Structures are given as structure tokens and as C-alpha cells.
Amino acid sequence: MHEPQFGGPIWELTKALSFSTSLPKPVREIAILVTGAHFHSAYEIYAHVIAAEQRGLADDTLATIVAGQRPGDLPRDQAIAYDIASALVNGGVLPALSYKQAVEAFGQHGAAELIYLVGLYCMVSVTLNGFDVPVPEAERR
Numbered sequence: 014m015h016e017p018q019f020g021g022p023i024w025e026l027t028k029a030l031s032f033s034t035s036l037p038k039p040v041r042e043i044a045i046l047v048t049g050a051h052f053h054s055a056y057e058i059y060a061h062v063i064a065a066e067q068r069g070l071a072d073d074t075l076a077t078i079v080a081g082q083r084p085g086d087l088p089r090d091q092a093i094a095y096d097i098a099s100a101l102v103n104g105g106v107l108p109a110l111s112y113k114q115a116v117e118a119f120g121q122h123g124a125a126e127l128i129y130l131v132g133l134y135c136m137v138s139v140t141l142n143g144f145d146v147p148v149p150e151a152e153r154r
């Protein structure tokens, strides 16, 4: 980290949203990939496709999300995560119905965690793009 006064607090937030999570791991990966795809963040997409595969998400589902589209066969919790992330990265106030569905699916704490997660990965994606962080050379072939 070239600027630890910024990177340090961001890393603390990243750890808080990664290691003390209440959301199911596939739900988190859906939200992160929607965000990374929105920003065309190559490294973010690369890293979280791997994580999503390890969490059992199908390649066709991941390819659809990375292409900026909503898979039609997502389980309800993953569909809610997709819709929340998509609404947030596209700007404006989160629709009340989407928020209500998130609270019903994940509880008040989980809905807040999902919103913070998308916000964090907006910053991560923009930062990776700002510094033009590439995918590892072996993955480009």
C-alpha cells in the first residue's frame, strides 16, 4: 500500500466485512461481482470469479453476471443480492421493496451488511481501476 493513511482504514473495513459476516458466502460473491462488473474492474472480477467458483456458483451464472446481466435461475437470496447491488451501483435511492426483501431474507443487520459490502466494493473497484491493477499474467492467456 503506497498510501497507508488511506489503505489502512480501508483494509480494516474490508476485514470487518469479510471475517465477521452474517451473509451467506454465495450471496456476498454475487453482490461483489455485480459491483465489479459494473465498474469493469478486471482484477476484482478475476479474484471474485475464483472465490465464487469455490463457493459453488456455476460458470454460466458467473458469466452472465460478469456480462452485466441478471441470471434467471438465481436462488431467492442470491437474486435479492443481485437486485440490491444492481440498484446501488446504478445510482439513486434503493427501492423500498428491495430493502424490505433484503431485511426479510437477511435480517436488519444482514441488509445493512449487504449495503455496506456493495459500497466497499465500489471503492475497491474504482481503486483497482485507478491504479490499473491487472490480472496475473498467467490468467490473461
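Counted the way my numbering counts, the sequence shown spans residues 14 to 154. Backbone N, C-alpha and C define an ideal beta-carbon position, used for all residues, glycine too. Bear in mind the structure is a predicted one, so any value in this text is a computation, not a measurement.
Which residue comes first and which comes last in the alpha helix (DSSP H) that contains residue i?
i: F119; result: A109 to G143
i: P39; result: K38 to H51
i: E57; result: A55 to Q67
i: L75; result: D72 to V79
What does the alpha-carbon distance come out to for the pair residue i and residue j?
i: T34; j: D90; result: 15 Å
i: A44; j: F144; result: 22 Å
i: T27; j: L133; result: 7 Å
i: G20; j: K113; result: 33 Å
i: R154; j: E42; result: Only weak support is given to the placement of R154: the predicted model assigns it a pLDDT of 48, under 50, and the value that follows is read from those uncertain coordinates. Near 24 Å, if we compare the C-alpha coordinates of E42 and R154.
i: V139; j: F119; result: 27 Å
i: M136; j: S99; result: 15 Å
i: V102; j: P88; result: 21 Å
i: V79; j: D86; result: 15 Å
i: G104; j: Y129; result: 15 Å
What do you reckon, are the CB atoms on residue i and residue j nearer than 9 Å?
i: V40; j: L127; result: yes
i: V131; j: T48; result: yes
i: I58; j: A71; result: no
i: A55; j: L141; result: yes
i: A92; j: L36; result: no
What is the DSSP secondary structure of residue i, reduced to helix, strand or coil?
i: S35; result: coil
i: P88; result: coil
i: G104; result: coil
i: P149; result: coil
i: E16; result: coil
Can you tell me which of the options puts its alpha carbon nearest to the alpha carbon of residue i?
i: V146; options: A100, H53, G123 and A115; result: H53
i: A76; options: R68, F119, L46 and N103; result: L46
i: I63; options: V106, K38 and A124; result: K38
i: D96; options: E150, G69 and A124; result: A124
i: S31; options: E150, H61, G81 and D73; result: H61
Any beta carbon from chain B within less than 9 Å of residue i's own beta carbon?
i: A65; result: The chain labelled as chain B is not found in the depicted structure, where only one protein chain is given.
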